[in-house]
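Data first, discussion second: the structure below is written as structure tokens.
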Amino acid sequence: MDTQDRAARIADDIRDAEHYLTVLGGATQSNLPWKRQLRARVSELSDLLQVVTMAVMMDRPEAELREATSTLAERARLAKLAIAGSRADLYVHATLKLVVGLARRIHDQLEAHALHEASVNEE
């Protein structure tokens, strides 16, 4: 996969993750304890996704970008675990699972890009 294809896929995944986080934010309007917890987690994930987006837009160093995506992926995984035993419905669980997968894929794509760049630079 070339750099432009990888960049387009990352941009699509970021847009998709933003969309799903917006959907989750709308699903957490009541004051039930599990919804308050989910709302806080979704807010944190939205903030982290914004950091990733800004790092991409500002052309920050690869290491900084990979660290931001690693944090996003880990926090998304923790958010999913936090609501695992809650009364959240199937749609909330499925949507959060999608966000976890997208965050992981964003991170993995950047890791693959870094490895590709390192191998090209060695040659």
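Start counting the sequence shown at 3; every next residue gets the next number (our numbering).
In this text, a Cβ means the ideal position worked out from N, Cα and C, and glycines have one as well.
Alpha-carbon to alpha-carbon, residue j and residue i
i    : j    : result
V101 : S48  : 11 Å
A81  : H115 : 27 Å
Q39  : L112 : 30 Å
A29  : V94  : 8 Å
A19  : V58  : 15 Å
A96  : M60  : 32 Å
T5   : P63  : 16 Å
S45  : G27  : 8 Å
L79  : W36  : Contrary to the premise, residue 79 reads as Arg rather than Leu in this sequence. Taking the straight line joining both Cα atoms gives about 16 Å.
V54  : R89  : 30 Å
K99  : R41  : 15 Å
N123 : V25  : 41 Å
Beta-carbon separation (whole angstroms), residue i vs residue j, contact threshold 8 Å
i   : j    : result
A13 : R43  : At roughly 24 Å, the Cβ-Cβ gap does not stay under 8 Å, so A13 and R43 are not in contact.
L67 : A105 : Their Cβ separation, rounded to whole angstroms, is 13 Å, which puts L67 and A105 out of contact at 8 Å.
S72 : H118 : Not a contact, Cβ separation roughly 18 Å.
R77 : D15  : In fact, because the Cβ distance is near 16 Å, the residues do not count as touching under 8 Å.
Reduced DSSP secondary structure (H/G/I, E/B, other) of residue i
i    : result
A42  : helix
D15  : helix
N123 : helix
M59  : helix
Q6   : helix
heavy atom of the ligand GTP below 7 Å from residue i C-beta
i  : result
Q6 : In terms of ligand content, the structure shown is empty, and the ligand GTP therefore cannot be addressed.
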